[in-house]
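By the UniProt record's numbering, the letter at position 205 of the sequence shown is numbered 205, and the numbering carries on one by one without gaps.
Okay, structure first, notes after.
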Amino acid sequence: MPEVSAPEETFSPTNTPSGGTKPFGVSWSTIIISTVVAALLLGGALALYKVGKKPSEQTVPSTNQSSPSAKQASPSAQKGETEDWKLYPGVGFTFKYPSKWKHEVATHGNILFTDESKIIINLDINSFEGKTYSEYVSKVIKDLSYPDIEAPRREQTTVDGKQTTKVFYKTPYPDDGVKIAILIDKNGKEALYLEISEKDLPLVDKILSTFKFLD
């Protein structure tokens, strides 16, 4: 009887015997996909970290900004500005004014304080005996009112403890601008009347801060 031989088993690179291990067990496609997934996960983690950190980041305000109070001159600074000023000895009162100014008595007895021939203050003393200070102020405001011109306005203050009224008004002459009449109750019977231009008010306010009443 002829001998029958068993067929030979052929192994290709892509086939493994039963129970065997596949050579190069991970394919290139698996490696590439894994790398992409890992990169996406890492990028997402970094993005979440940054987003989570932003709410805690705050802008620190600058400490170099000046507060409103820093722009205001202190009383000691104002006192220093007036230390070298001249002293004007009035009757019952004194005050200081810039050293370069000159003063002279005008025709009607009022005193003119000038800076290079420009009149800064026109000072007069008005009697209101028989009236109250309030009545005197009302009369001055009436006298400073002109037809078809904005009505005067008043502002109350004090000078060395004396009641004072600043009356802002306009004249029929546009070149005059806004004028101010400063009315200081000297003693209940007389008032100091200072006439100035509004643009000179900051300097005149410093002069008013030096006023001293002697009676």
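Ideal placement from N, C-alpha and C gives every residue a C-beta, glycine not left out.
All values derive from a computational prediction rather than experimental measurement.
| request: May I ask you to report which of helix, strand or coil DSSP gives L203? | output: Indexing the sequence shown from 1 puts residue 203 at position 203. The answer is helix: DSSP assigns L203 an H, G or I state.
| query | Thinking just about the alpha-carbon of each residue, which of I141, T132 and Y97 is nearest to the one in I120? | reply | Position 120 of the sequence shown holds residue 120. Ranking the options by Cα distance to I120, first place goes to Y97.
| query | Is it true that the CB of L214 sits closer than 8 Å to the CB of F93? | reply | Sequence index remark: in the sequence shown, residue 93 carries index 93 (1-based). Sequence index remark: in the sequence shown, residue 214 carries index 214 (1-based). Contact flag set, yes.
| query | With 16 as the cutoff for other CB atoms within 10 Å, does T107 come out buried or exposed? | reply | By 1-based counting over the sequence shown, the position of residue 107 is 107. Exposed, since its Cβ has fewer than 16 Cβ neighbours within 10 Å.
| said: Can you confirm whether the stretch 203-211 touches the stretch 122-142 when touching is taken to mean that 3 or more C-beta pairs between the two stretches lie within less than 8 Å? | reply: no
| query | Is it the case that the Cβ atoms of K168 and P152 are separated by a distance below 8 Å? | reply | Reading the sequence shown from its first residue, position 168 is the one you call residue 168. Reading the sequence shown from its first residue, position 152 is the one you call residue 152. The question names Lys, but residue 168 is Phe in the sequence shown. Yes, the Cβ-Cβ distance between F168 and P152 is below 8 Å.
| query | Buried or exposed: which applies to D185, given that a residue is buried once 16 or more other Cβ atoms fall within 10 Å of its Cβ? | reply | The residue you call residue 185 lines up with position 185 of the sequence shown. Buried: at least 16 other Cβ atoms inside 10 Å.
| Given a threshold of 16 other Cβ atoms within 10 Å of its Cβ, counted over all protein chains shown, does V159 qualify as buried or as exposed? | For the purposes of this step, residue 159 is taken as the residue at position 159 of the sequence shown. V159 should be labelled buried.
| said: Suppose the cutoff is 8 Å on Cβ atoms and the five residues either side in sequence are ignored; what does the same chain contact list for D84 look like? | reply: Position 84 of the sequence shown, counting from 1, holds the residue named residue 84. Once the five neighbours on either side are set aside, the close Cβ partners of D84 are S99.
| query | Considering V91, what are the terminal residues of the alpha helix (DSSP H) in which it resides? | reply | Position 91 of the sequence shown, counted from the start, is the residue given in the question as residue 91. Careful: V91 lies outside any alpha helix (DSSP H) and carries neither H nor E.
| message | Could you compute how far the alpha carbon of G80 sits from the alpha carbon of K166? | response | Along the sequence shown, read from residue 1 onward, the residue named residue 80 stands at position 80. Along the sequence shown, read from residue 1 onward, the residue named residue 166 stands at position 166. So the two alpha carbons sit approximately 26 Å from each other.
| message | So, at 6 Å on beta carbons, what are the nonlocal neighbours of I180 in its own chain, with the 5 sequence-adjacent residues on each side left out? | response | For this step, residue 180 is matched to residue 180 along the sequence shown. Counting only Cβ-Cβ distances below 6 Å, and skipping sequence neighbours, we find K166, F168, I196 and E198.
| message | For D176, report the span of its beta strand (DSSP E) as first-last. | response | Counted from its first residue, the sequence shown places residue 176 at position 176. Taken as a continuous stretch (DSSP letters only), D176 belongs to no beta strand (DSSP E), as it is neither H nor E.
| Is the closest heavy atom of the ligand MG to the C-beta of G188 under 7 Å? | With respect to the ligand MG, the structure offers nothing, as it holds no ligand at all.
| request: Report the three-state DSSP secondary structure of I196 (helix, strand or coil). | output: Here residue 196 refers to the residue found at position 196 when the sequence shown is read from its first residue. In the structure shown, I196 sits in a strand (DSSP, three-state: E or B).
| residue 217 versus P89, E104, G109 and D115, residue with shortest Cα-Cα distance | An answer regarding residue 217 cannot be provided, because it is not within the stretch 1 to 215 covered by the chain.
| In whole angstroms, what separates the C-alpha of W101 from that of F113? | For this step, residue 101 is matched to residue 101 along the sequence shown. For this step, residue 113 is matched to residue 113 along the sequence shown. Rounded to the nearest angstrom, the two C-alpha atoms are 7 Å apart.
| field | Reduced DSSP category for E129 - H, G, I as helix; E, B as strand; rest coil | value | Taking the first residue of the sequence shown as 1, we reach residue 129 at position 129. Correct three-state label for E129: coil.
| field | Cα-Cα separation, L201 to K118 | value | Taking the first residue of the sequence shown as position 1, residue 201 is located at position 201. Taking the first residue of the sequence shown as position 1, residue 118 is located at position 118. So the alpha carbons of these two residues sit roughly 15 Å apart.
| request: May I ask you to report which of helix, strand or coil DSSP gives T165? | output: Against the sequence shown, residue 165 aligns to sequence position 165. Strand.
| Run of the beta strand (DSSP E) containing F211, from where it starts to where it stops | Looking up residue 211 in the sequence shown gives position 211. Note, F211: premise wrong, no beta strand (DSSP E); not H, not E.
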